[in-house]
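Inspection log for the structure reproduced underneath, given as structure tokens.
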Amino acid sequence: MRTRYRFERRTLLTGGIGLALAAVPGARVPLAQSLDKVSFQTNWRAQAEHGGYYQAVAAGIYRRHGIECEIRMGGPQQNPSQLLLAGRVDFIMSNGFQALNYARENLPFLTIGAIMQKDPQVLMTHAGNGINSFEDMKGRPILIGASGRVTYWPFLKAKFGFTDEQIRPYTFNVGPFMADRMAIQQGFISSEPFAAQQAGATPRVFLIADAGYQNYQTTIDASRRIVTEKKDLVQRFVNATIEGWTAYMKGEDVGAANGAIKRDNPEMDDAKIAYAVRVMKEAGIVQSGDALQLGIGAMTDARWKSFYEGMRDVGLYPAGLDPARAYSLEFVNKRVGLT
């Protein structure tokens, strides 16, 4: 299985594979009502980690909100941020670092929702080898990709005393991991551990978010122009997306959504999808923290401030940056999907 590390690839994505998902017949939209067309660019090929968007299309949720949503699947030659900056898409899937980049570079874009309350980034090693905590990893070689060195790695250095001398190149496959029982490598909780299991290993997984790493992941980003000029459309898109994610995480009639994921990305199968959904639920990737009280997609000023200050303190962002310029809380925290 080809290992995928979405944050790493997120820095490489350019271009576009346009894939429009057909709406399900019977969606409750008045015949006389025209649908607002929007495009949403994902950060990688279709997978369970995008399931809520596929669910919102497949179950007709976007249509019930008066929207025809075109999901444009990401890939190795695409950069969602560049597509957004060029005005080629309406919304993109991104992350907290990109939001702070908007503020730092004074760009007219911002984050309007955060689907993943926890960044799925993990370090993993082999069970039973004596490495039982992040503290036990200090001084040991760790397989890390290029973008990890400027995102979560500075956090780990500050938190646990890691040093750059520990870094070894990550080749985005589990071969080196399988060859060394003392190996430690990066991954996403929903992907690399599954690949290691399929190869015969028993991985032990350490979620960096649980150590205090506060990056929002799988965010929804948009231009300030659409947020200002089309508030109603943006609100309907956000609400429908949240409803799609609520249904997908509950496992309510997700067969059509999963079928669309598998059609768009033949590397996906039922086992991979089921594993990803299960570990996302167990780890609280989507539904934890503020989302439990405010609904999926929740964000808060306090967390954005804390995330910025933490990344400032490790040298990734300058002092004096106003993190409030990176996001808007206008469209989330409305308890959509909570009953």
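Numbering (full-length UniProt numbering), first residue to last: 1 to 339. In this text, a Cβ means the ideal position worked out from N, Cα and C, and glycines have one as well.
Checklist entry - Pick from 38, 305 and 250: whose alpha carbon is nearest that of residue 63? => result If we check each option's Cα against that of residue 63, 38 comes out closest.
Next on the checklist: My parser needs the alpha helix (DSSP H) runs of 4 or more residues fully inside the region 280-323; what are they?
Outcome noted: 291-294 and 301-313, all fully within the region 280-323.
Checklist entry - Using CA coordinates, which residue listed in 173, 97 and 168 is at the minimum distance from residue 141? => result Selected option, being the one with the closest Cα: 168.
Next on the checklist: By the DSSP assignment, the beta strand (DSSP E) with residue 189 in it spans what residues?
Outcome noted: Careful: residue 189 lies outside any beta strand (DSSP E) and carries neither H nor E.
Next on the checklist: Please report the straight-line C-alpha distance between residue 336 and residue 91, rounded to a whole angstrom.
Outcome noted: Roughly 20 Å separates the two Cα atoms.
Checklist entry - Does the region 111-119 touch the region 207-222, meaning 3 or more C-beta pairs lie closer than 8 Å? => result Verdict: yes, contact present.
Checklist entry - In this structure, does DSSP put residue 20 in helix, strand or coil? => result Confidence at residue 20 is low in this model, with a pLDDT of 38, below 50, so the placement of that residue should be treated as unreliable; the coordinate-derived value is given next. Residue 20: coil per DSSP, three-state reduction.
Item to check | alpha helix (DSSP H) segment containing residue 243, residue limits | outcome: In this chain, the alpha helix (DSSP H) harbouring residue 243 covers 231-250.
Item to check | Classification of residue 59 by the beta-carbon crowding that lies within 10 angstroms, buried from 16 upward | outcome: The Cβ neighbour count for residue 59, taken over all protein chains shown within 10 Å, is at least 16; the residue is labelled buried.
Checklist entry - Got a sec? Which residues, its chain only, sit under 8 Å from residue 135 by beta carbon, not counting five neighbours each side? => result Cβ neighbours of residue 135 beyond the five flanking positions: 160.
Next on the checklist: Whole angstroms are fine: how far does the CA of residue 248 sit from the CA of residue 256?
Outcome noted: Cα-Cα distance, rounded: 11 Å.
Checklist entry - Does the separation of the CB atoms of residue 109 and residue 232 fall below 8 Å? => result With respect to the 8 Å criterion, residue 109 and residue 232 are not classified as neighbours on the basis of their beta carbons.
Item to check | Within the region 28-68, ranges of the alpha helix (DSSP H) (whole runs, at least 4 residues) | outcome: DSSP runs (the alpha helix (DSSP H)) wholly in the region 28-68: 51-58 and 61-64.
Item to check | Cα-Cα separation between residue 322 and residue 316, rounded to whole angstroms | outcome: Between residue 322 and residue 316, the C-alpha separation is close to 14 Å.
Checklist entry - Which residues does DSSP pair with residue 114 in a beta bridge? => result In the DSSP output, where bridge partners are listed per residue, residue 114 has 219 and 297.
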